[in-house]
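Letter by letter, the sequence shown follows residues 1 to 845 of UniProt numbering.
Report on one structure; see the data block that follows.
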Amino acid sequence: MVSIIQKLSPHFSFARWILCSTGLTRYLHPTDQQLRALAGVPKEKPKKGKHNENGKVSDVFHVPRNLDIKLETAKVTMLDVVHLKYYTEFQWLLDFSIYAIIVYAMTEAYNYLYPIKDEINLSILWCLVVLGFAFKVLLSLWVQYFKGEESVGERSTCIVTGFAYLLIAMMILIVDETKLEIGLEKAYTSFNRSASQFLDTQGLSSTGPASKIVVKFFLAIWCGLLGSLFTFPGLRVSKMHWDTLRYYKDRKLLLLVANISYVSPLLLVSLWITPISRDYLTIRIFSGMTSPLMTVATFESMRLIIVIVAVLLKIALMPIYLQSYLNLALQRLEIQKKEAGRITNVDLQKKIAAVYYYLCVVALQFVVPVIICLFFTFLYKTLGGFTWEGIIKGTLEDVCPADELSSTASSTINSDNTDRTVVQTTEELQLLALGSLKQQRADRYKKRKVIFKRAEDYVKEYRKKERDEVRLMRQAKNRGNYYIPGEPRLAFVIRIRGVNQVAPKIRKVLQLFRLKQINSGVFVKLNKATINMLRIVEPYITWGYPNLKSVRELVYKRGFAKINGQRVPLTSNTIIEKKLGRSNIICVEDLIHEIFTVGAEFQHASNFLWPFKLNTPTGGWRKKTNHYVEAEPPVQGVKPTNVLGSSEQHTSFSFIRPGLTQTSFAFSGPSSHQSFTSSIGNPQLAQKVLPSLAQALAYRNPALGYYPFGHVTNGYNGIVPAFAAPTTGPLTYQATVDPVTSLTYAQQLQQQQPQQTYLHAYQPNAIYQSQLAQLLALRQAQLAQAQQGQLQTAVQSEQVDEKLQLQQQQEQQSEQPQSLLGVAYSAAPSVAHVKVSGNGYKFNF
């Protein structure tokens, strides 16, 4: 065989064919002339008198990184690969593996025709030699990472992965043989027996050369070293697979085959996991069948053949993966074009040329693990005593057929029926009960596994969604844009007001929301209909957008189910499964996920939950404020605040028409003649408050400085007192009334329109009336002084006390008029608060 190899190697080489005859194309680095022409760099002239070493001229110059360079391509030929590093090792290993496969095939054919009895199988020796060469090449590549100071990162990666695989190997070696077919127990027993026999023949008494724990420890160390050797080959293959998917994204069939080849190692490992492979294929009898799908011999042969197919598939895809690696030169250049700055011509040429010069190393990293897997499979088949033809003529031996077993059991039962006693019946019932309990326990165990798996999937989904939000925000920020997240789809609504004087429409909406009691809350799916309903009942509720933590704590801590009209605590997943099992909701985490994500079964999940009963805040509800487009709820007998004088001086209020909005009003200082009309004289501000504010104040509050001016609206003819002077301005149908005449105006309203029930009467107490009278006298004195042109204030009337005199002097010294404070009443739903600031009013809509 050696002579055959020596004769054929110069003429045929499978390794050379892979590199030179499969159409691989490499990218040529740009020459100095091309770079000078593209970058516009002139050629340097040598200086006189300067002698270069050996006549060599230094030709290093800088070019822009974003230079638009078109790389030329060339086919990979034999003359191009001969000088590449590790080409000799690659050619020798791959060619020798081909010859070893031929030898193994000839040996297997001979063994099939003439079975070997007490002879040594030469194919084992060839397999061991190939494995030795493969590990030598892999180790030489691994050692390169520990040489030099530039490979610190690669060195650290190899060390860390080695210890990681050591830990994983220790964990796998403690797995029971019934779960994972390692075969270590049988191998150790056979080795220990053979070693003991050998020592006995030598006159030495011993139970074995080493304990089982020592064997497992050294085997774990070997697995850790093997994992460290495979670290960078695995990373390289993954990178080439990713590039292949990107370059050949239009060829669907090729992508399918490449993905199957990439996941084939995982599929092969699963064939040695007993519960998911051997038990299902060789033990379990499916319905409608009388025997398992495979016999033991068929299963073993099938595993060997699948390994061979996976190896052939990877070898067939090897040229495609190598071409994806060679395309890395173009990818590097495209990445460099996006960078700023300059680079020397030498560094640019090295960056492009290094990809091709590393080709044989990449080829070794791809093919060596495949060769190791293939020849270990040959050893497993030969030393394990398995056959290739078991998949064709395998039979199930020494197994009783299922129908025979059932017929035997039925005949036994029928024969025993006649002699059955009470004791036997009791024992059978006990066995049935025990069997039922075991089955229930097994079902609960399976269900718990499903629940835990779902919970893990939900956690991954939540984290992925959060990471996607952060990623999109960062991308938008990097581009100078703003990321606007999606509109919330879930709201939690809490009722904060009672049931007194609730309008029928509002009461109906609260019933639809199932908010029948104060401090009760529900989850609501946000859409156009529900948002309109929330706006209707906004004075009675508060709502917001809950996060995952709030939803989970509400369900776990205060969650109750509605079962047959009763409030049942969520103490078990069984309650949820019985009610929502048809909706694929079997546990609390399913319920939380369905509510938080507003899934397709949200309505069933929300209706399943009893409305949450929440506690009143510590200290009670301190301040229930309205939103800025709401009307106040109906109130009666409410005392005003922020009014001139104490609250006891303002007790006479008659809310004839319920549902009025309370604000505050009082007059003080020389600017008290200003009205709302003059305060919002700004046309832009007037456009904002018209028509809701002006119209509402004009028709609902005539006693407070506003009244209709000759206009009929909604069947109400405005009252125009004789002392009112019309004004023109941005507020249509408005006129101003001096506050000093407000008492007279209120009295006229009561006398002229007692039948207008939708108006309210403002009747201040006697103490407050005296204060208004004092202000009236003060205002009359100010008007008299203004008409006479006097600059100082006249002597005050005896009715004005000393406190008002001091207040008047302070007001005259100030250049700015004092603030105007007051109370107004409005039933307009678009007006919430009217606040006074300086000389004007601040409107919160």
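We put the CB at the ideal spot given by N, CA and C, even for glycine.
Being a predicted model, the structure only gives us computed values, none of them experimental.
Whole-angstrom distance between residue j and residue i, CA atom to CA atom
i, j, result
"arginine 471", "glutamate 487", "18 Å"
"serine 246", "leucine 333", "Note on identity: in this sequence residue 246 is arginine, with serine being the wrong assignment. Going by the C-alpha atoms only, they are around 17 Å apart."
"leucine 328", "leucine 24", "13 Å"
"tryptophan 92", "alanine 100", "12 Å"
"threonine 77", "proline 275", "50 Å"
"valine 306", "threonine 387", "According to the sequence displayed, residue 306 carries isoleucine and not valine. C-alpha separation (whole angstroms): 14 Å."
"leucine 19", "leucine 180", "39 Å"
"isoleucine 174", "isoleucine 168", "10 Å"
"isoleucine 221", "aspartate 176", "20 Å"
"valine 524", "leucine 490", "6 Å"
"isoleucine 4", "tryptophan 126", "15 Å"
"leucine 322", "isoleucine 451", "44 Å"
Check whether residue i and residue j have beta carbons under 9 Å apart
i, j, result
"residue 846", "asparagine 573", "In this structure the chain extends from 1 to 845, so residue 846 is not present and cannot be described."
"glycine 153", "glycine 224", "no"
"cysteine 158", "phenylalanine 217", "no"
"leucine 304", "leucine 326", "no"
"valine 367", "isoleucine 320", "no"
"isoleucine 563", "lysine 579", "yes"
"tyrosine 356", "arginine 26", "yes"
"valine 311", "leucine 374", "yes"
"serine 13", "aspartate 95", "yes"
"isoleucine 308", "alanine 134", "no"
Simplified DSSP state of residue i, which is helix, strand or coil
i, result
"arginine 495", "strand"
"tryptophan 126", "helix"
"leucine 512", "helix"
"valine 257", "helix"
"glycine 521", "strand"
"tyrosine 545", "coil"
"leucine 317", "coil"
"leucine 609", "strand"
"isoleucine 343", "strand"
"isoleucine 592", "helix"
"leucine 225", "helix"
"leucine 322", "helix"
"residue 858", "Because residue 858 is not part of the residues shown, which for the chain are 1 to 845, the question remains open."
"isoleucine 273", "strand"
"leucine 67", "coil"
"lysine 7", "helix"
"proline 614", "The amino acid occupying residue 614 in the given sequence is leucine; proline does not appear at that position. The answer is coil: DSSP assigns leucine 614 none of H, G, I, E or B."
"leucine 141", "helix"
"leucine 180", "strand"
"arginine 507", "helix"
"arginine 479", "coil"
Span of the beta strand (DSSP E), counted from its first residue to its last, around residue i
i, result
"histidine 62", "62-64"
"glutamate 72", "72-75"
"arginine 567", "566-569"
"phenylalanine 560", "560-563"
"arginine 284", "Where arginine 284 is concerned, there is no enclosing beta strand (DSSP E), given that its DSSP letter is neither H nor E."
"arginine 26", "25-28"
"arginine 535", "Looking at the DSSP string, arginine 535 is not in any beta strand (DSSP E); the run it does join, the alpha helix (DSSP H), is 528-536."
Sequence-distant residues of the same chain with beta carbon closer than 8 Å to residue i, five excluded per side
i, result
"alanine 340", "Arg65, Asn66"
"proline 42", "Arg36"
"leucine 139", "Leu229"
Limits of the unbroken alpha helix (DSSP H) element including residue i
i, result
"glutamine 365", "359-384"
"tryptophan 242", "231-247"
"isoleucine 335", "328-337"
"isoleucine 168", "152-173"
"threonine 201", "184-201"
"isoleucine 18", "14-20"
"valine 41", "First-last for valine 41: undefined, no H or E at that position."
"serine 97", "87-113"
"valine 81", "78-81"
"asparagine 573", "573-580"
Residues near residue i in its chain [Cβ-Cβ closer than 7 Å; skip 5 each side]
i, result
"leucine 554", "Phe612"
"aspartate 59", "Asp32"
Contacting residues, own chain, Cβ-Cβ under 6 Å from residue i (five flanking each side not counted)
i, result
"tyrosine 87", "Val81, Cys360"
"isoleucine 541", "Val493, Arg495"
"leucine 131", "Phe375"
Heavy atom of the ligand NAP within 8 Å of residue i beta-carbon
i, result
"tyrosine 27", "Although the ligand NAP was asked about, the structure shown includes no ligands whatsoever."
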